Structures are given as structure tokens and as C-alpha cells.
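J.: Counting along the sequence shown from 1, when you hit position 28 you're at 76 in our numbering, and nothing is skipped either side.
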Amino acid sequence: MSHAPVKPPVASLRWSDRFLLGHPAMDHTHAEFVACLQALQQASDADLGPALQDMAAHLAGHFLQEEQWMADSAFPAAQCHADEHTAVLASVHEVQQLLAAHGQATVVRQLAQALADWFPAHADYLDAALSQWLSKRQHGGAPVVLRRQVDSPLPPDPTADAPLGRTFAQG
Numbered sequence: 049m050s051h052a053p054v055k056p057p058v059a060s061l062r063w064s065d066r067f068l069l070g071h072p073a074m075d076h077t078h079a080e081f082v083a084c085l086q087a088l089q090q091a092s093d094a095d096l097g098p099a100l101q102d103m104a105a106h107l108a109g110h111f112l113q114e115e116q117w118m119a120d121s122a123f124p125a126a127q128c129h130a131d132e133h134t135a136v137l138a139s140v141h142e143v144q145q146l147l148a149a150h151g152q153a154t155v156v157r158q159l160a161q162a163l164a165d166w167f168p169a170h171a172d173y174l175d176a177a178l179s180q181w182l183s184k185r186q187h188g189g190a191p192v193v194l195r196r197q198v199d200s201p202l203p204p205d206p207t208a209d210a211p212l213g214r215t216f217a218q219g
């Protein structure tokens, strides 16, 4: 009989059109986040370190890009948005230290669940506001997003002619 650690069941976050915000590059980055999160949630205890490092690297680039958009466009809520990014990165780095020092797989799994719980509201409020701000400044109106209400295991490709959900600027 094997005594290998069993991964606890977690509520997995899946990419779906409900996360589309109308900014193709942001939508693609969000789909990548969901893929990284799924990899972290599904990682064996032995693979948690590399999966957590991949998540940390993704979040650093993801947040840097959003903060650059905010700075370039003089986004009014930039500081509030960036503060939330800072808090998330601090939590990830703290968990990385706990894993490295004490091999605490449980805390990594708790972080993964916390990220799955956090992301939908962050995207719906802070990132949606940024997407609308960018669209208004670039196109003169808020984006219109047509959602198909389907889950997809693949992230949308921002260079494709037909992304998962079509987005249009509305003037």
C-alpha cells in the first residue's frame, strides 16, 4: 500500500468567456493565469516548487504589464489596483519561502485556492475598469464583449482572427 501524499480536491478555476473583458492582450494574459493556476492546483507535492515558481513569474509579468498600461494611460485607480497586485505578490513570495524552508505543501495548496477565489472578483472589478478605461481612451468607447458561455482549455490567442469571444469598441 502506498503512502504517497494525496492531493486534496480543490475547486478548479477554468477559463471561460465569462472572463473576457474586451482587451485582447489582457484577455490572453488572464487565460494564461488560469492555465498557470490549473497547473499549480494539479501539481504533485514533488512538483509544487516549479509550479509555484511558474505562477510567481507569470504574476510578476502579468502585473507589470497591467501597471504599465495604467501608467501609460493615467488610469485614475492605478494605485489601488497596483496595491492589490503588491499584496498578491507578497503572499506568493511568502509561500515560496515557506515551501523552501519547511516543505509546506499545504500552504501552497491554500494559496492556489485563494488565487482561484480572488481572481474572478479582481477581473470583474479592477481589470474590467482598466479594460474599459483603455478602450475609451483608444477607441472612444467601452468594449462590447460577445460571450459564448463555453469553457475552453485553451487560452485565447490575441493574434487570431476569431478569438474565443469577439470584442468591439462601442462609441
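Glycine residues also receive a C-beta, built at the ideal position from the N, C-alpha and C atoms.
None of the values given here were measured: they were computed from a predicted structure.
Is the beta carbon of residue 75 closer than 8 Å to that of residue 85?
T.: Cβ distance not < 8 Å, so residue 85 and residue 75 don't count as in contact.
J.: Which residues in the same chain have their Cβ closer than 8 Å to the Cβ of residue 137, if we skip the five residues on either side of it in sequence?
T.: So the qualifying residues of the chain are 104, 107, 108, 111.
J.: Can you look up residue 183 in the DSSP assignment and give me helix, strand or coil?
T.: Residue state, collapsed to three classes: helix.
J.: Are residue 102 and residue 87 close, meaning C-beta to C-beta below 8 Å?
T.: For residue 102 and residue 87, yes; Cβs fall inside 8 Å.
J.: Would you mind stating whether residue 174 and residue 129 have Cβ atoms separated by less than 8 Å?
T.: Taking 8 Å as the Cβ cut-off, residue 174 and residue 129 qualify as a contacting pair.
J.: On the CB-based measure, 16 or more other CB atoms within 10 Å of its CB, does residue 92 come out buried or exposed?
T.: Exposed, by the Cβ-count rule.
J.: I need the straight-line Cα distance from residue 73 to residue 151, nearest angstrom please.
T.: Roughly 36 Å between the two C-alpha positions.
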